[in-house]
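*Asks:* Take this structure, written in structure tokens, and hold onto it; I'll ask about it next.
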Amino acid sequence: MIQDEIIQLVDAQNRPCGTAPRRLMRRYRYWHRATYAFVLNGRGELCIQKRTLSKEVFPGYFDLASGGVVGAGEAVQVAARRELEEEIGVRGAPLKHCFDFCYTDATNHVFGSAYLVHYDGPLTLQAEEVADAFWVTPADALALHPSTPDSRMALERLIREGFLSESLSR
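Position 69 (the sequence shown) corresponds to 69 in full-length UniProt numbering; numbering is contiguous.
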């Protein structure tokens, strides 16, 4: 994560409207885009990340998805692939786009894109952002506290709309 990384800003209808350094996007709570890639192994378990204490937003929380903000001019799916590779070393696994959603709280205004990824290979953690990673059932993932509220909201919707059960029956 680079504080002066240039982020794609969007308006309240998710239309691109400019760019800003990450630190300004955070300071002023600008609308932006982010990716949420839920990594599922062959046993139906999700890869959960423990965020480092140096993370600006939700330090030390459990992240129920891999992902991050979309860079200026970057396609959302490209950002999802980049984040998967950077955070946990997943390369070349097919991404299934499930849905887009809006999340807002005291620190964030974000349009998220949720993806499912099937992966049974080794994980390589990005030490600056990921303190640990492990596999748990989706129900156990929802029981983890504290977890990032945006990834929790997206996982609840994945479960509610049947994306995980469809995925396991493939």
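Note that the Cβ used here is the ideal one computed from N, Cα and C, for glycine as well.
Just how far apart, CA to CA, sit R82 and L116?
*Replies:* Walking along the sequence shown from the start, residue 82 turns up at place 82. Walking along the sequence shown from the start, residue 116 turns up at place 116. Approximately 15 Å, taken between the alpha carbons.
*Asks:* Just curious, the alpha helix (DSSP H) that L24 is in, first and last residue?
*Replies:* The sequence position of residue 24 within the sequence shown is 24, counting from 1. Segment 22-28, the alpha helix (DSSP H) holding L24.
*Asks:* For the beta strand (DSSP E) holding K113, just list the boundary residues, first then last.
*Replies:* Stepping through the sequence shown from its first residue, residue 113 is reached at position 113. Checking the sequence shown, residue 113 turns out to be Ser, not Lys. S113 -> beta strand (DSSP E) spans 109-118.
*Asks:* Using only CA atoms, which one of P94, Y30, R51, L144 lies nearest to L40?
*Replies:* For the purposes of this step, residue 40 is identified with residue 40 of the sequence shown, where counting begins at 1. Taking only the C-alpha atoms, the option nearest L40 is P94.
*Asks:* For D63 and S151, which I take to be in contact (beta-carbon distance under 8 Å), what is that distance rounded to the nearest angstrom?
*Replies:* The residue you call residue 63 lines up with position 63 of the sequence shown. The residue you call residue 151 lines up with position 151 of the sequence shown. Going by Cβ atoms, the distance from D63 to S151 rounds to 6 Å, so yes, they are a contact pair.
*Asks:* Within the present structure, is the beta-carbon of P149 separated from the nearest heavy atom of the ligand NAP by less than 7 Å?
*Replies:* You won't find the ligand NAP in this model; it holds no ligand whatsoever.
*Asks:* Mind checking who P16 pairs with in its DSSP beta bridge?
*Replies:* On the sequence shown, residue 16 is found 16 positions in, with the first residue counted as 1. Looking at the DSSP assignment, P16 forms a beta bridge with V10.
*Asks:* Can you find the residues in the same chain that come closer than 7 Å, C-beta to C-beta, to P149, ignoring five residues on each side of it along the sequence?
*Replies:* Start at 1 with the first residue of the sequence shown, and residue 149 comes out as number 149. D105, listed in sequence order.
*Asks:* Determine the extent of the beta strand (DSSP E) in which D100 is found, giving its start and end residues.
*Replies:* As a first step, residue 100 must be located in the sequence shown, where it is residue number 100. Taken as a continuous stretch (DSSP letters only), the beta strand (DSSP E) holding D100 covers 95-104.
*Asks:* Quick one: give me the first and last residue of the alpha helix (DSSP H) that D150 is part of.
*Replies:* The count along the sequence shown starts at 1 and reaches residue 150 at position 150. Segment 149-160, the alpha helix (DSSP H) holding D150.
*Asks:* What are the residues that DSSP puts in a beta bridge with Q49?
*Replies:* Counting from 1 along the sequence shown, the entry for residue 49 is found at position 49. Partner(s): D63, A133.
*Asks:* From which residue to which residue does the alpha helix (DSSP H) around V76 run?
*Replies:* The residue labelled residue 76 in the question sits at position 76 within the sequence shown. From DSSP, the alpha helix (DSSP H) with V76 extends over 76-88.
*Asks:* Apart from the five residues just before and just after P138, which ones in its own chain have a Cβ nearer than 7 Å to its Cβ?
*Replies:* Taking the sequence shown and counting its residues from 1, one reaches residue 138 at position 138. Excluding residues within five positions, the ones whose Cβ falls inside 7 Å are L46, L155, I159, L164.
*Asks:* Quick check on DSSP: helix, strand or coil for L164?
*Replies:* As a first step, residue 164 is located in the sequence shown; it is residue number 164 there, counting from the start. Looking at L164 - three-state DSSP - the assignment turns out to be helix.
*Asks:* Report the option in F111, D120, P21 whose CA atom is closest to the CA atom of M153.
*Replies:* In the sequence shown, residue 153 corresponds to position 153, counting from 1. Ranking F111, D120, P21 by Cα distance to M153 puts F111 first.
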